[in-house]
């Protein structure tokens with residue numbers, strides 16, 4: 046995924062924010078925070094993961110499915126990879 050190098054900083058920032066959100070959830074649980082607080086934190090993580098997934102899907106489509114220099118076989122492979130990832134994510 047060398048093509049991700051251009052967006053690497055942005056993607057890593059998203060991952061670090063997710064790690065921070067997960068640490069905040071762990072802390073809230075350890076400190077017996079209220080259920081509503083923890084539920085809101087978890088909802089935030091879910092949204093953040095979805096945003097990360099959206100960016101990765103978009104990049105994959107542009108580079109491995111829709112790129113004009115790809116062969117038909119490479120497009121088909123890229124599409125199959127994307128389908129498999131979306132199926133796994135949707136479970």
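Residue numbers (the working numbering): 46 to 136.
Beta carbons are placed, not taken as given, at the ideal position from N, Cα and C, and that holds for glycine.
This one's a predicted model, so the numbers in the text were calculated from it and none came from an experiment.
Given a cut-off of 7 Å on the beta-carbon distance, is the pair residue i and residue j in contact?
i	j	result
residue 90	residue 66	yes
residue 127	residue 105	yes
residue 82	residue 73	yes
Among residues of its own chain, excluding the 5 on either side of residue i, which ones have a beta-carbon nearer than 8 Å to its beta-carbon?
i	result
residue 56	49, 97, 100 and 101
residue 58	none
residue 86	66, 69, 70 and 73
residue 53	none
residue 131	102
residue 118	none
Count the other CB atoms, across all protein chains shown, that sit within 10 Å of the CB of residue i; report buried if there are 16 or more and exposed otherwise.
i	result
residue 123	buried
Which residues in the same chain have their Cβ closer than 7 Å to the Cβ of residue i, if we skip the five residues on either side of it in sequence?
i	result
residue 134	98
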